[in-house]
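Q: Handing you this structure, nothing more for now.
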Amino acid sequence: MFVSNNQCESHCVTGPVNTDQFPKCPCIFKQAQFSQEFAIPCQQPDILSLSEVTVAKVEIKSIRIIATPKGLALDNTILTGKKAVIRGTICFRIIYQSPCGLNITEKEVLFNDFVIVPEKWDSNTPVFGTAIVEDVLACRVDERTLQVNVILFINLKDLEAEPCPPPCPPLCPPPCPPPCPSPCPDNKCITIISIHSRPHVIVPLKKKRKTRKKCIWG
């Protein structure tokens, strides 16, 4: 079912995102999206509207390195032969308006995903993983049901590997072309324009020599 922006705003709320948590130099990462629908506990009142949604906690529970085929996918994804299978949890806190006033409900959901990692990684590689929330959205499905959507930035790092190289410096602009030569005085020159990337060549005109006519007497 398609929902317009106005309808979506009346039933959904977005949460804050802390951009300061993003890594400065990510090397091995993936962006993933998760969505789950759940009912609020029976002891809580019905949902009239949503007021606020936040992600209280994101935690990676386990990281496993597995062997997979090597190759190049049609979307240019390079398969190195190794993947890190990630399992974690996301805890949502939602504030909503009910017939009894404001209420708070919390829900913890599981997520599973994978990240392509270097071929040299194995089960003995000390891998450190973080999951950062890029966007969170909560929507009211009905008076007892909510739907949450979250976009995660999953970043992995080998604790024994060297840091990522710094980004390449910006390219210098091309040098300015040489200035054009000054024109000849009294317009006594012609300009030869080359089709190659060479400056114009000024060739002065040669003066014609005056010849005397010889008279022949008969």
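Residue numbering for the sequence shown is 0 to 217, as defined by numbering that gives the first Met the number 0.
No residue lacks a Cβ here, since even glycine has one placed at the ideal position from N, Cα and C.
Taking buried to mean at least 16 other C-beta atoms within 10 Å of its own C-beta, is residue 18 buried or exposed?
A: Classification for residue 18: exposed.
Q: Suppose only complete runs of 3+ residues qualify. What are the beta strand (DSSP E) ranges in the region 70-131, listed by chain order?
A: 77-97 and 100-115
Q: Residue 100 to residue 43, Cα distance in whole Å?
A: Residue 100 and residue 43 have their alpha carbons spaced roughly 11 Å apart.
Q: With the cut-off set at 8 Å, would you say residue 135 and residue 13 are in Cβ contact?
A: In this structure, residue 13 lies closer than 8 Å to residue 135 by Cβ.
Q: How would you label residue 86, buried or exposed, when you count the other beta carbons within 10 angstroms and need 16 or more for buried?
A: exposed
Q: Please determine, among 146, 76, 131 and 47, the residue with the shortest C-alpha to C-alpha distance to residue 115.
A: 76
Q: Can you grab the Cα-Cα spacing for the pair residue 56 / residue 91, in whole Å?
A: So the two alpha carbons sit approximately 7 Å from each other.
Q: Buried or exposed for residue 262, going by 16 or more other Cβ atoms inside 10 Å?
A: Nothing about residue 262 can be reported from this structure: the residues present for the chain run from 0 to 217 only.
Q: Closest by CA to residue 67, which one among 84, 58, 61 and 145?
A: 84
Q: For the beta strand (DSSP E) containing residue 36, list its first residue and its last residue.
A: 27-38
Q: Among the residues of its own chain, which have a CB less than 6 Å from the CB of residue 148, if the five just before and after it don't count?
A: 34 and 136
Q: To the nearest angstrom, how far is the alpha carbon of residue 157 from that of residue 52?
A: 33 Å
Q: What's the gap between the Cα of residue 196 and the Cα of residue 174?
A: Note that residue 196 scores a pLDDT of 49, beneath 50, so its modelled location is shaky and nothing firm can be said.
Q: Is it buried or exposed for residue 139, if we count other Cβ within 10 angstroms and need 16 for buried?
A: buried
Q: Got a sec? Which residues, its chain only, sit under 8 Å from residue 105 by beta carbon, not counting five neighbours each side?
A: 55, 90, 91, 92 and 93
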